[in-house]
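First the structure, in the form of structure tokens, and then the observations on it.
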Amino acid sequence: MPANTRERTAALQDAARASLEARGVNIAESVPIKALAPAFARAQACHLDTAKRHLAKAVRRMRGELVASWGGPRDGAGRPRKVA
């Protein structure tokens with residue numbers, strides 16, 4: 155199984171979107187991710203949990219929903235600043 159790098163993650167995201175589009179999944183309704191994940195995991199040589207996560211993220215992106223990403227500031231994150 156290949157290591158999960160940023161490039162591999164991007165490739166999995168592209169493959170997940172292509173897989174959903176090829177199957178003609180209606181993203182406006184509930185998407186059967188559990189049923190689609192085993193075939194995607196075999197095709198991409200990844201773990202089943204990884205397949206489910208990438209398929210779900212691809213559905214959210216296709217719907218135009220916000221998707222969590224790495225880096226950047228987060229409101230309320232970190233240690234509180236000391237007020238002098």
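Per my numbering, the very first residue in the sequence shown carries number 155; after that it's consecutive. All C-beta atoms in this analysis are idealised placements derived from N, C-alpha and C, irrespective of residue type, glycine included. In this text, all values refer to a predicted model and were calculated from it rather than measured experimentally.
Under the DSSP assignment, P192 falls in the alpha helix (DSSP H) whose first and last residues are I187 to Q198. Taking a C-beta distance under 7 angstroms as the contact criterion, A195 and L202 qualify as a contact pair.
Sequence-distant partners of I187 (beyond 5 residues in either direction) whose C-beta falls short of 6 angstroms from its own C-beta, in its chain, are K206, L209 and A210. Contact between A212 and R162 does not hold, since their C-beta atoms are separated by about 15 angstroms, which reaches or exceeds 8 angstroms.
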